[in-house]
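Numbering (UniProt numbering), first residue to last: 1 to 108.
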């Protein structure tokens with residue numbers, strides 16, 4: 001089934017440089033097909049990575065894990081320390097940029 005490209009008016013094409021852009025249909029790929037194309041989907045969630053080591057890090061430190069890092073000035077927590085640093089710079093301007101390690105719930 002081929003879709004027909006609709007032209008609304010000539011001015012709509014002018015901002016596109018006069019090119020007609022055909023509608024596209026999203027493609028759903030199987031996990032095996034995505035690995036052949038150089039992408040690595042997470043088996044636990046909908047995240048997709050372009051490198052195998054990024055998937056490995058995601059599975060080890062993020063997917064299904066509780067946040068490991070916290071803001072020393074408020075209750076904000078994150079799974080990545082870089083998010084805490086950005087948060088402190090943005091929300092606590094002028095304060096020292098520190099990250100605290102949040103112990104796992106089993107240790108408390």
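All residues carry an ideal CB built from backbone N, CA and C; glycine is no exception.
Worksheet item: When the Cα atoms are used, what is the spatial distance from residue 41 to residue 47?
Response: 6 Å
Worksheet item: Would a C-beta distance cut-off of 7 Å place residue 160 and residue 73 closer than the cut-off?
Response: This structure cannot speak to residue 160, because the chain is shown only from 1 to 108.
Worksheet entry | residue 51 and residue 102 closer than 7 Å at C-beta | no
Worksheet item: At what residues does the alpha helix (DSSP H) containing residue 52 begin and finish?
Response: 52 to 57
Worksheet item: Between which two residues does the alpha helix (DSSP H) harbouring residue 85 extend?
Response: 81 to 91
Discussion item. Using 7 Å as the threshold, is the C-beta distance between residue 55 and residue 61 below it?
Written reply: no
Worksheet item: Quick one: is residue 44 near chain D, going by C-beta distance under 7 Å?
Response: Structure shown: chain D not included; a single protein chain is present.
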